[in-house]
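**Q**
Chains as they are written, first to last, in this note's numbering: chain Z, 713 to 1055; chain H, 5 to 324.
Below you can see the structure in the form of structure tokens.
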């Protein structure tokens, strides 16, 4: 798989990454042993994140997109697989290496009400990463915090405020400033604008764009908002029940989504255009429980193009074009592979 | 004939020792069989309107002016007993969080049947049969078994279907839906909106007041829309007209700030500044400090909502 290339190889590369959560823990469960039931939140995900680009990870609740984001930063341990940062597996990094990685890789969270310490003044929240990494003198750190505040569209006067005194949009700016404090290379943004009103969302997205341009930042944007994806990202990975079902450059994907799930997802987006009303009845059923995903392709019970083989074969993610992968049996033959039996 | 009429509704909140207007002089009519969208950003007063109509305002809030008519009943003057009788029968509401309407201690069947027997003259068997029919109508699979399930056993989307089943159980004339799909995934949202449209509007002739911040949802399901800013309606009209020819600078800015429609990577339009808080609303047009077209008169005079040729209403001096 190649990239649409700005820059060189991938900055971050996930290979065979899985995260299973045990359902039962404790003495009884370990006595029972047998087959421990698990939720496969992320299952065998491989993807590349290229420097200076924005990769969007989209999916509905329970698709595993947030868990994937946490794995990419080693905020949780994988059940299997690796994440390579500049060819170094972040899960085998020693303390010193990990510390160096952590300053290069930051996170912005969805809820600026929950992610900022309510007892810390804004100036201190932004300064804290610099304190931890002992960057310069106290005066220099304060100066940088003030500079960052201004860079994200607040004033140095806000340094003395508590998060509760700020609006949602202002808090998200504080979160962004704190993430920028150590001049990272990559930022994972988990639903950064989902709790904001549309005009505030626009301001925040514009800010994130400017910062990317000015600091050559790499973004991984985790979101369920396809408008934001289309506006903001270079490439998109679509997740369904822990797996990537399709990955493509943004324009290609929106022009012609290949996976039936991507098609259903796109058709369900309420477009702000009353002359283009969608067929609201299209998506069938509910996403199945991640506790008990259907066999074969996880999407097959809801798929409008389901074939008999789909309940038996787990379709692998296969290249179907330049920088484009899709996990669907419909595309097996196009990739020059033998057609599955049963249809 | 209008199902629901608001006349100069004004609702206030008590805060910091005084009463502050959350909704100011709002008037509109809801017609049978239509979905009327009430759209605006957080704090614009759209949910307060819903709670004012239902007379479910919190203790620190009051209707300080105007009237709400449900047909020939003045809801603003109705007593508790009358309201109790109207809610659930002629007037229903669904919420963003379906658990608001469901009691976790009782089976969903019990809750639907209770509503039915409260308002309709049905014996136990007839109520149960009707409850089953309702669950099937809202697309609950294996309705017979699910009647005996508790709310926690349902997903968010399924819970909202059940809340909808209860809301429509007595065939209300008016359904108020306050952000009914905001907490749901987009494919489930599509199903629920489709259901509301089909059950209420096409079959029942019910009027739906749909409160949402999502302009996509408005465009897809509403017939007419009221755009609210800082407690007032700034623009009102048919959904096609509002989206193709928005008149108020706020409506224009709101539509331009949407990231979508294949326009990639350009900066999104910003509305400068932020929504004013309740105790800090500017004089004159409340949008003027953020408006690109503001003139001197906008700082002093609040423009009324005026109907233009073609029926669209707008509150802005640009169109005097």
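Just so you know, even glycine gets a beta-carbon here, dropped at the ideal spot from N, CA and C.
Whose C-beta lies closer than 8 Å to the C-beta of residue 316/H among residues of the same chain, with five residues either side of it excluded?
**A** 239, 240, 241, 242, 245, 246, 249 and 251
**Q** Can you tell which of 851/Z, 960/Z, 833/Z and 932/Z has its C-alpha closest to the C-alpha of residue 902/Z?
**A** Looking at the Cα atoms, 932/Z is the closest of the given residues.
**Q** Just to confirm my understanding: we take residue 722/Z, look at its own chain, exclude 5 residues before and 5 after, and list those with CB closer than 7 Å. What are they?
**A** 760, 761 and 762
**Q** Do you know how far the Cα of residue 59/H is from the Cα of residue 29/H?
**A** 17 Å
**Q** Using CA atoms only, rank isn't needed, just tell me which of 898/Z, 896/Z and 913/Z is closest to residue 904/Z.
**A** 913/Z
**Q** Give me the chain Z residues within the contact set of residue 321/H, using Cβ-Cβ distance strictly less than 7 Å, ordered along the chain.
**A** Ordered by position in chain Z, no residue passes the 7 Å Cβ test against residue 321/H, which lies about 22 Å from the chain.
**Q** Hey, is the region 212 to 221 of chain H in contact with the region 41 to 51 of chain H, meaning 3+ C-beta pairs nearer than 8 Å?
**A** As far as the Cβ criterion goes, the region 212 to 221 of chain H touches the region 41 to 51 of chain H, which means the pair count is three or higher.
**Q** What first and last residue would you give for the alpha helix (DSSP H) that runs through residue 841/Z?
**A** 834 to 844
**Q** Could you give the distance in angstroms between the alpha-carbon of residue 894/Z and the alpha-carbon of residue 841/Z?
**A** 7 Å
**Q** Whose C-alpha, out of 124/H, 122/H, 152/H and 125/H, is nearest the C-alpha of residue 136/H?
**A** 152/H
**Q** Does residue 159/H have its Cβ less than 9 Å from a Cβ in chain Z?
**A** Yes, contact with chain Z.
**Q** Give the interface partners of residue 1010/Z over in chain H, defined as CB-CB distance under 8 Å, in chain order.
**A** Under the 8 Å cutoff, chain H gives no residues; its nearest Cβ is about 14 Å from residue 1010/Z.
**Q** Using a Cβ-Cβ cut-off of less than 8 Å, list which residues of the region 235 to 264 of chain H approach chain Z; keep chain order.
**A** 243, 244, 247, 248, 257, 258, 259, 261, 262, 263 and 264
**Q** Can you pull the chain Z residues whose beta carbon is under 7 Å from the beta carbon of residue 191/H, in chain order?
**A** 772, 976, 977, 980 and 995
**Q** Which stretch, first to last residue, makes up the beta strand (DSSP E) that contains residue 933/Z?
**A** 930 to 935
**Q** Span of the beta strand (DSSP E) holding residue 122/H?
**A** It is not in any beta strand (DSSP E) - residue 122/H instead sits in the alpha helix (DSSP H) that spans 112 to 123.
**Q** CA-CA distance, residue 810/Z and residue 785/Z?
**A** 10 Å
**Q** Note down, in chain order, all residues in the region 213 to 231 of chain H with a beta-carbon under 7 Å from any beta-carbon belonging to chain Z.
**A** 217, 218, 219, 220, 221, 223 and 224
**Q** For residue 206/H, count the other beta carbons within 10 Å of its own beta carbon; 16 or more makes it buried, fewer makes it exposed. Which is it?
**A** exposed
**Q** Counting C-beta neighbours from all protein chains within 10 Å, is the total for residue 955/Z 16 or more, i.e. buried, or is it exposed?
**A** buried
**Q** At which residues does the alpha helix (DSSP H) containing residue 25/H begin and terminate?
**A** Premise fails: residue 25/H lies in the beta strand (DSSP E), 22 to 34, not in any alpha helix (DSSP H).
**Q** Can you give the Cα-Cα distance for residue 27/H and residue 49/H, rounded to whole angstroms?
**A** 5 Å
**Q** Taking the alpha helix (DSSP H) that residue 926/Z belongs to, which residues open and close that run?
**A** 910 to 927
**Q** Could you compute how far the alpha carbon of residue 729/Z sits from the alpha carbon of residue 791/Z?
**A** 8 Å
**Q** Check the Cβ of residue 915/Z against every Cβ in chain H and list those closer than 7 Å, keeping chain order.
**A** 274
**Q** Since residue 46/H meets chain Z, which of its residues come closer than 7 Å, beta carbon to beta carbon?
**A** 909
**Q** So which residues of chain H does residue 879/Z contact, with C-beta pairs closer than 8 Å?
**A** 278
**Q** I'd like to know if residue 918/Z contacts chain H, where contact means its C-beta is closer than 9 Å to some C-beta of that chain.
**A** yes
**Q** In chain H, which residues lie with their C-beta within 7 Å of the C-beta of residue 989/Z?
**A** 224
**Q** What residues in the region 173 to 200 of chain H have a beta carbon less than 8 Å from any beta carbon of chain Z?
**A** 189, 190, 191, 192, 193, 194, 195, 197 and 198
**Q** Compare the C-beta of residue 969/Z against all C-beta atoms of chain H and say whether one is closer than 9 Å.
**A** Cβ-Cβ to chain H under 9 Å: no for residue 969/Z.
**Q** How long is the line joining the alpha carbons of residue 1001/Z and residue 753/Z, rounded to whole angstroms?
**A** Approximately 11 Å, taken between the alpha carbons.
**Q** Could you check if residue 831/Z is buried or exposed, using at least 16 other CB atoms within 10 Å of its CB as the buried criterion?
**A** exposed
**Q** Determine the extent of the alpha helix (DSSP H) in which residue 199/H is found, giving its start and end residues.
**A** From DSSP, the alpha helix (DSSP H) with residue 199/H extends over 190 to 200.
**Q** Could you pull out every residue in the same chain whose Cβ sits closer than 6 Å to the Cβ of residue 131/H, ignoring the five residues on either side in sequence?
**A** 117, 120 and 121
**Q** Determine the DSSP secondary structure at residue 304/H, reduced to helix, strand or coil.
**A** helix
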